[in-house]
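All residue numbers for the sequence shown refer to the working numbering, where the first residue is 4 and numbers rise by one. Cβ atoms here follow ideal geometry from the backbone N, Cα and C, with glycine treated the same way. The block underneath contains the structure these notes are about, expressed in structure tokens.
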Amino acid sequence: MSTWEDNVRRVVPYVPGEQPKIKDIIKLNTNENPYPPSPMVINKQLELKNLRLYPDDKALVLVDAIADYHKVDSAQVFVGVGSDDVLAMAFMTFFNSDKKILFPDITYSFYDVWAELLGIPYRQPALDENFRLVKEDYYVENGGIVFPNPNAPTSIAEPVSFVEDIVKHNKDVVVIVDEAYVDFGGESALSLIDKYDNLLVVRTYSKSRSMAGIRIGYAIGSKKLIKYMNDVKFSYNSYTMNMPSQILGTESLKDEAYFRETVNKVIDTREWFSKEISELGFKCPKSSTNFIFMTHDKIPAKEIFEKARDNKIYVRYFNKPRIDNYLRVTIGTREEMEIFLEFLKSLEA
Ligand code: PMP
């Protein structure tokens, strides 16, 4: 007997890090920035009576501000509701062939979820034993390529020359570089977009701009790429960017000094913390992000994850092949990391 359930699109959803509702926790599990957004964002007066109106469907104020900031044309900028929205839209727009798209075996775990949802065939070349991408693995026929640089959850960045080599070998497909963490030490591929019309660079406000709650992401690429993305977006939902996001996102870009200051504070804390934990026998690859990927030979990661949680310290543990003895730890304030360090010191090896 057939039922309506036979026709349901069945998917296994992405599971984001926990957002616990309890108070007084140290939250190092979802790569948020420990500092608030710029005072210019916080103090901006919003004319909330205007909420009766639809927002600008093209989000032009924000698009123009992002274009100015990166010194590109406004027609080279696409904005969305967090980079998750931008990436999903890019998958839908560009990964439309029968050939397999490629992304690493260890990477942002939303990529395979979108591929499954959209019925895009894919293959995941393995990172090498040091968790580095192997560029030659991407010099084969494929339906498109996506990878984060720096990669997550490994925290490792590759130089822009490495990205260019991959793009050069793949001029007949779209290559998406997810630069969610680039401001914390990576080298951006934005310098390449005028040279390669098939390269899309994706950014977010959620990490370096301390605005995960506002949900702003964007993509920069050739005018052609952006036009195709807008065609799909406007066939799906015209009003994705709400009015407060457009205004506050624009405000954030005006305060470069605050942006640099908070990013540098995170970097300084990361460097100090990485050194401290190495003295406790932990290892982690050199991070170019706002998190570190740490492991210990003798203390199982799962055990640390659970004990930390009992102590109201939340970090991220992935029960997945190759990385099930690692923790991904977001860099919090210096004070938060000092507490986490004391906790690590209390563990018995
Ligand atoms: N890309 C990577 C590599 C990420 O880690 C994240 C954060 N989960 C995102 C994209 C999405 O971030 P957002 O939607 O908040 O912009």
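Looking at the backbone, the Cα of alanine 222 and that of asparagine 34 are separated by about 20 Å. Aspartate 76 places its beta carbon less than 8 Å from that of lysine 226. Summarising the contact set, residues whose Cβ lies nearer than 5 Å to any heavy atom of the ligand PMP are, in chain order, Gly85, Ser86, Asp87, Tyr111, Pro151, Ala155, Asp181, Ala183, Thr207, Ser209 and Gly220. The beta carbon of histidine 172 sits closer than 6 Å to those of Tyr142, all from its chain and outside the five residues before and after it, given in chain order. Lysine 30 is bridged by DSSP to Tyr317. Below 8 Å, enough C-beta pairs join the stretch 178 to 190 and the stretch 135 to 151 to call them touching: three or more.
Tyrosine 199 carries a coil assignment under DSSP once its states are collapsed to helix, strand and coil. With a contact defined as Cβ atoms closer than 8 Å, arginine 337 and threonine 272 qualify at about 5 Å. For histidine 172, the secondary structure class from DSSP, reduced to helix, strand or coil, is coil.
In the three-state reduction of the DSSP assignment, phenylalanine 150 falls in the strand class, which pools E and B. Non-local beta-carbon contacts of alanine 91 in its own chain, meaning distances under 7 Å to residues more than five positions away in sequence, involve Trp117 in chain order. Out of Asn267, Val80, Thr110 and Pro162, the CA that lies nearest to the CA of alanine 192 is found in Pro162. In the displayed model, tyrosine 208 falls within coil according to three-state DSSP, outside both helix and strand. Within the same chain, Pro153, Ala160, Ile270, Ser290, Ser291 and Thr292 come within 8 Å of glycine 188 by CB-CB distance, once the 5 residues on both sides are set aside.
Between the C-alpha atoms of valine 89 and lysine 348 there is a straight-line separation of about 41 Å.
Asparagine 145 places its beta carbon less than 8 Å from that of valine 176. Distance from the CA of methionine 232 to the CA of serine 238, rounded to the nearest whole angstrom, comes to 10 Å.
Annotation: isoleucine 69 to aspartate 186 spans about 15 Å, alpha carbon to alpha carbon. The DSSP-derived three-state label of valine 82 is strand. Only residues of its own chain outside the window of five on either side were considered, and among them Tyr317, Val318, Phe343 and Phe346 have a CB closer than 8 Å to the CB of alanine 311, listed in chain order.
In terms of CA proximity to tryptophan 275, Met340 leads the group Met340, Glu132, Pro107 and Ala129.
Per the coordinates, the alpha-carbon of asparagine 267 lies some 57 Å from the alpha-carbon of threonine 6.
Pairing aspartate 197 with leucine 228 gives a Cβ-Cβ distance that is not under 8 Å.
By the Cβ rule, the stretch 249 to 256 counts as touching the stretch 43 to 53, because three or more pairs are nearer than 8 Å. Sequence-distant partners of aspartate 140 (beyond 5 residues in either direction) whose C-beta falls short of 6 Å from its own C-beta, in its chain, are Pro128. Residue state for aspartate 60 is assigned as coil, using DSSP reduced to three classes. Aspartate 181: member of the beta strand (DSSP E) spanning 178 to 181, first to last residue.
Beta-carbon to beta-carbon, proline 40 and glutamine 249 are separated by about 15 Å, too far to satisfy the 8 Å threshold.
Taking a 10 Å sphere around the C-beta of aspartate 300, we find fewer than 16 other C-beta atoms and assign the residue as exposed. Looking only at Ala78, Arg13 and Phe113, the smallest Cα-Cα distance to proline 19 is reached by Phe113. Here arginine 218 is buried. Its C-beta has 16 or more other C-beta atoms within 10 Å. Scanning the stretch 111 to 147 from its first residue to its last, the whole alpha helix (DSSP H) runs of 4-plus residues come out as 114 to 121.
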